[in-house]
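Take a look at the structure set out below.
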Amino acid sequence: MRSALLIAIVALSLASCSKFSKVQKSTDYDYKLRMAEKYYVAQKYHYAQQLYEELFPLMKGQPQFEDLFYKYAYCSYYLRDWLQAENLFKQFVEVFPNSAKAEEMEFMRAYTYYRQSPKPELDQTNTQKTIGLMQTFINTHPNSTKNKEASEIMDKCRAKLEEKEYGSATLYYNMGHYRAAAIAYTSLMSDFPDSEKSDAYKLQVIKSYYLFAMNSIEEKKTARFEQVITECNDFIDRFPESTLKKEVENYQTLSKNNLKANNNEQITKTN
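When you line the sequence shown up against mature numbering (1 follows the signal peptide of the UniProt record, and there is no 0), it's residues -21 to -1, 1 to 250, in that order.
Below, the structure is given as structure tokens:
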């Protein structure tokens, strides 16, 4: 039974290929265009794409060219050829800047970069490109019905960039590079000032500087514990209602105690 089904599938596939081959060999371009449309509607984008590609240079300047260009671009998109799709969406807008479809194609160009945006730990060039193009789209089309979706995509991209930057800072912390971690967490706060996690990032700055001070030579501990205390004071000023405040106050107390002990030791050595 399974063997018969497999044979039937192969036979249908071969028949389909044979039919498409006949279409390709035809010299009737109107017929080819009709078949390309038929394949496109049937979501057989691989076949439609090949026919549109052949007709593309022949249809330039003709009334059907705009629609052909539009569907040719979408064939690449549906076939997940993001680079080709992005290029065609961009070219469409350049060739037909006044088209009713130009706004849609601008959005889709930005969206192809979003589809290429990888996991947070990987290179985020496409994520940054998405944000830039989506922002340009919103600025260019302030009344577009796509702006809500564009804003949501930008928020997701920013969250991904924030996660990546947090991961880099945490890697420094876990490796024991505490000064580098503190600087990275501070940069994270600066890059994402509206983050809901700002107080948690600030706590990581404090913890990093505290461990940096604890692992310092005696001569440098005073200045470094003073820096921890400064960071703690800044936290309390900026996040007075934070649930992390008590933990910060604990680091503040520990730093003051270490500072006092270190100063006493210096006095003893002097005497």
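C-beta atoms are modelled at their ideal positions from N, C-alpha and C, and glycine is treated no differently.
Buried/exposed call for residue i, threshold 16 Cβ in 10 Å
i, result
"residue 6", "exposed"
"residue 24", "buried"
"residue 168", "buried"
"residue 13", "exposed"
"residue 62", "exposed"
"residue 8", "exposed"
"residue 202", "exposed"
"residue 251", "Residue numbering for the chain in the displayed model covers -21 to 250; residue 251 lies beyond these limits and cannot be assessed."
"residue 4", "exposed"
"residue 153", "exposed"
"residue 237", "buried"
"residue 251", "Nothing about residue 251 can be read from this structure; the chain reaches only from -21 to 250."
"residue 232", "exposed"
Whole-angstrom distance between residue j and residue i, CA atom to CA atom
i, j, result
"residue 51", "residue 189", "59 Å"
"residue 43", "residue 142", "46 Å"
"residue 225", "residue 124", "46 Å"
"residue 100", "residue 146", "8 Å"
"residue 71", "residue -4", "32 Å"
"residue 230", "residue 206", "12 Å"
"residue 140", "residue 33", "41 Å"
"residue 81", "residue 53", "13 Å"
"residue 106", "residue 98", "10 Å"
"residue 55", "residue 28", "7 Å"
"residue 199", "residue 94", "49 Å"
Other residues of its chain near residue i: CB distance less than 6 Å, five sequence neighbours each side excluded
i, result
"residue 242", "none"
"residue 117", "126 and 129"
"residue 164", "148, 180, 183 and 184"
"residue 57", "24"
"residue 221", "178"
Test item: CB-CB of residue i and residue j under 8 Å
i, j, result
"residue 196", "residue 214", "no"
"residue 191", "residue 234", "no"
"residue 47", "residue 2", "no"
Contacting residues, own chain, Cβ-Cβ under 7 Å from residue i (five flanking each side not counted)
i, result
"residue 88", "65, 68, 69 and 112"
"residue 223", "178, 179 and 182"
"residue 75", "45 and 81"
8 Å Cβ shell around residue i - same chain, five flanking residues per side excluded
i, result
"residue 79", "none"
"residue 275", "Lying outside -21 to 250, the shown extent of the chain, residue 275 is not represented and no answer is given."
Are three or more beta carbon pairs between the region 161 to 177 and the region 126 to 134 nearer than 8 Å? The answer is no - the region 126 to 134 does not touch the region 161 to 177, with fewer than three Cβ pairs under 8 Å.
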